[in-house]
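Worksheet: one structure, shown below.
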Amino acid sequence: MILDGKHHAQLLLATLKDECASLTKRFERTPSLHVILVGQISSSQIYVGMKEKRAHDIGIKSVVHRLPDTVDEKAVLALISTLNHNQDVDGILVQLPLPAHIDTNNVIESICPQKDVDGLTSINLGRLVRGDEYLIPCTPRGCLHLIHAWKQDISGLHAVVVGRSALVGKSLALLLTGRDATVTLCHSKTINLSAFTRQADIIIAACGVPGLITGNHIKPGACVIDVGINRRPDGTLTGDVDFNTAHPIADAITPVPFGVGPMTVAYLMANTLRAMQQRLNGTMPIPLLH
Ligand code: NAD
């Protein structure tokens, strides 16, 4: 089974479009997503462009704040503070990576948790650790959606996550644990990676190493989710899984592109609508910070 992220994202976006229309009617204004893009990194520009387009498709107002890579941290924090206080702003996302002279953690922490549609503030990550899923990082949520498209009940299955970033690997390990999977978290210092992955019912590759997971790493019948987005010298994209050797062994596998990527963008839209709904309903008892 090919887990077609483009297809699943389209289905989700169709539902979100209806939800967006009903929120617009109920609160008498359009939900809004504000993206802060610092510098000229071409992949970041492409990702932000995709987010803008999807937002537009489903009726979310999208505003991109483009800042030069020479901007200082204070100016970024000041912009976030303004957006935090603007009652018409529902979601704030800072496109990563930021230039080295800006402290990423400072910037993320300054986002009001109620508007943190990437789910990366310590309050939202802390809630996830507690098993209280409020605004969840979009890529892990998208991975989970595709895993459920393969098998609804993953209780007791062994999931091996390769990569331990907060953005992807760690958050996904928490989500899977919350669904009663047994989770092994592997990373760059793991000794004999294939000894772990070969035991897995579900493998999630999120390490940014092209083709690291081959057919030899996979137990027959496993579900393989490839989060990696790596650019080949010719400009085309490839994942962290060697699709040609993995595909015949896996029961289900995501392609790159059009696997996890479209799901990430769709869940950003879902988080924006959820952020609006929960903030305006007052269902998240956290004061507006900063
Ligand atoms: P990161 O660089 O923050 O983390 C990489 C992780 O992989 C680290 O925890 C590291 O320990 C681990 N790792 C590195 N080399 C390894 C190896 N040889 N064996 C085992 N583990 C190894 O990256 P990230 O932000 O988590 O992203 C990972 C990949 O996912 C990248 O290719 C990124 O572009 C991609 N990504 C895709 C999406 C999407 O929407 N599809 C979203 C975010 C990230």
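Under the numbering used here, the first residue of the sequence shown is numbered 186, with each subsequent residue one higher.
Ideal Cβ placement from N, Cα and C applies to all residues, glycine included.
R464 and P216 have their C-alpha atoms spaced approximately 12 Å apart. With a 10 Å radius around the Cβ and a threshold of 16 neighbouring Cβ atoms, R251 comes out exposed. Between the ligand NAD and the CB of H372, the shortest heavy atom gap is smaller than 8 Å.
When the beta-carbon positions are compared, G424 and A390 come within less than 9 Å of each other. Boundaries of the alpha helix (DSSP H) around C323: C323 to W335. At a threshold of 8 Å, S379 does not count as near the ligand NAD, since its beta carbon sits no closer than that to any of the ligand's heavy atoms. G348 carries a coil assignment under DSSP once its states are collapsed to helix, strand and coil.
Proximity of the beta carbon of S350 to the ligand NAD is indicated: a heavy atom of the ligand is located closer than 8 Å. Counting every other CB atom within 10 Å of its CB across the protein chains shown gives G444 a total of 16 or more, marking it as buried. Separation of the CB atoms of V394 and L370 is rounded to 16 Å, and the pair is thereby denied contact status at 8 Å.
Look at the stretch 195-262 and you find these whole runs of beta strand (DSSP E), each 3 residues long or longer: 217-223 and 246-252. Residue side-chain check: L320 keeps its Cβ at 8 Å or more from all non-hydrogen atoms of the ligand NAD. For G354, no beta strand (DSSP E) encloses it, and the DSSP letter there is neither H nor E.
For L422, the pairing in a beta bridge is given by DSSP as R416.
Taking K191 as the centre and dropping the five residues before and after it, the same chain places the C-beta of F443 and P447 closer than 7 Å to its C-beta, in chain order. For A285, the number of other beta carbons within 10 angstroms of its own is below 16, and it is reported as exposed.
A distance criterion of 8 Å places the beta-carbon of V368 beyond contact range of the ligand NAD, judged by its closest non-hydrogen atom. Exclusion of the five residues before and after F381 leaves V345, T369 and C371 as the residues of its chain whose Cβ lies within less than 6 Å of its Cβ. For H343, the pairing in a beta bridge is given by DSSP as T367. Contact check for L331 against L360 fails: the beta carbons are separated by 9 Å or more.
In terms of Cβ geometry, D288 and L453 do not form a close pair [threshold 9 Å]. As the crow flies, the alpha-carbon of W335 is around 15 Å from that of I434. Ranked by Cα distance from M186, the options A437, Q462, P253 and T449 are led by A437. Annotation for I403 indicates a beta carbon at 8 Å or more from all heavy atoms of the ligand NAD.
For N429, the closest of A194, D419, I403 and G420 by C-alpha to C-alpha distance is I403.
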